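Numbering (this note's numbering), first residue to last: 344 to 618.
Structure below.
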């Protein structure tokens with residue numbers, strides 16, 4: 344009986360020890376998860392602050408600060424596709440197309456189901472001179488945005504640069520109808536059905552409320568058309584007029600950045616198209 348008692352007592356002590364160990368493991372595990380969750384929240388808060396600071400710096404024309412903050416936020420959350428995309432857009436709009444490309448690519452890799460939507464990557468590739476990869480991005484984008492004439496125009500430019508103008512005309516991406524003036528006139532220009540000046544005339548003829556926007560897009564895509572044709576002088580003239588209109592938004596910044604990086608145009612960094 345005594346021997347059996349001591350055996351049972353040892354088992355009892357061992358059982359209590361096991362319970363204590365399990366409780367300790369439980370506490371350490373979940374406290375570790377809590378620390379990890381807190382750290383994740385902290386990283387996301389830091390990311391929001393960095394992105395906000397970068398956006399404000401871009402609005403003020405402090406592009407070097409944008410470069411610093413955008414790259415820092417990309418390093419902070421390297422596996423977040425939204426952060427990578429946002430940082431890439433800020434970099435591009437601030438005049439750093441080459442620096443934006445790895446982040447656009449990372450966003451596509453992290454979120455392959457959204458890769459076709461990433462027309463911003465296509466524009467950055469074209470601006471950086473990688474027209475072949477840009478053409479591939481715009482061709483893919485057509486599948487999710489089939490009637491966007493802007494996509495057709497960028498694809499036209501890229502094919503003209505990688506092959507020739509005839510191939511660009513033959514492979515022109517169609518549109519069943521883009522209601523924004525003067526998009527369908529731009530498409531006709533790419534088909535050589537109307538001349539560039541007629542696109543500008545169409546833009547001037549729209550109602551006053553839409554005229555500035557129409558003229559902006561007319562100048563932008565006439566400028567890109569002349570670049571596709573290899574006429575750098577006329578291309579720069581129209582792109583510069585586009586920038587000088589002082590419009591806001593992504594495409595306004597695109598006009599400025601494309602003009603500067605494709606033609607090394609010093610005046611294009613004057614900030615007229617800053618958002």
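All residues carry an ideal CB built from backbone N, CA and C; glycine is no exception.
Quick caveat, the model's predicted, so the values are computed rather than measured.
query	result
Whole-Å CB distance - residue 495 paired with residue 543, under 8 Å assumed	Contact flag wrong, Cβ pair sits at about 18 Å.
Residue from 441, 558, 512 whose Cα sits closest to the Cα of residue 601	441
Between the CA atoms of residue 503 and residue 569 - distance to the nearest angstrom	11 Å
Residue closest to residue 470, alpha-carbon to alpha-carbon, out of 443, 550, 553	443
For residue 519, the first and last residue of its enclosing alpha helix (DSSP H)	From DSSP, residue 519 is part of no alpha helix (DSSP H); its letter is neither H nor E.
Own chain, CB closer than 6 Å to residue 424, minus 5 neighbours either side, in chain order	450, 453, 454
For residue 618, the three-state DSSP class (helix, strand or coil)	Since pLDDT at residue 618 reaches only 35, below the 50 mark, its modelled position is unreliable, and the value read off the structure follows with that caveat. Residue state, collapsed to three classes: coil.
Inter-residue Cα distance where the pair is residue 553 and residue 479	32 Å
Burial state of residue 607, where buried means 16 or more other Cβ atoms lie within 10 Å	exposed
Cβ contact check for the region 579-597 and the region 502-522: 3 or more pairs under 8 Å	no
Sequence-distant residues of the same chain with beta carbon closer than 7 Å to residue 385, five excluded per side	none
Start-to-end residues for the alpha helix (DSSP H) that takes in residue 543	539-547
Whole-angstrom distance between residue 487 and residue 586, CA atom to CA atom	29 Å
For residue 439, the three-state DSSP class (helix, strand or coil)	coil
7 Å Cβ shell around residue 575 - same chain, five flanking residues per side excluded	606
Cβ-based burial, residue 571 [other Cβ within 10 Å; buried from 16]	buried
Every unbroken alpha helix (DSSP H) inside the region 438-508 [4 residues or more]	440-453, 462-470, 474-487, 492-505
Alpha-carbon spacing of residue 559 relative to residue 464, whole angstroms	22 Å
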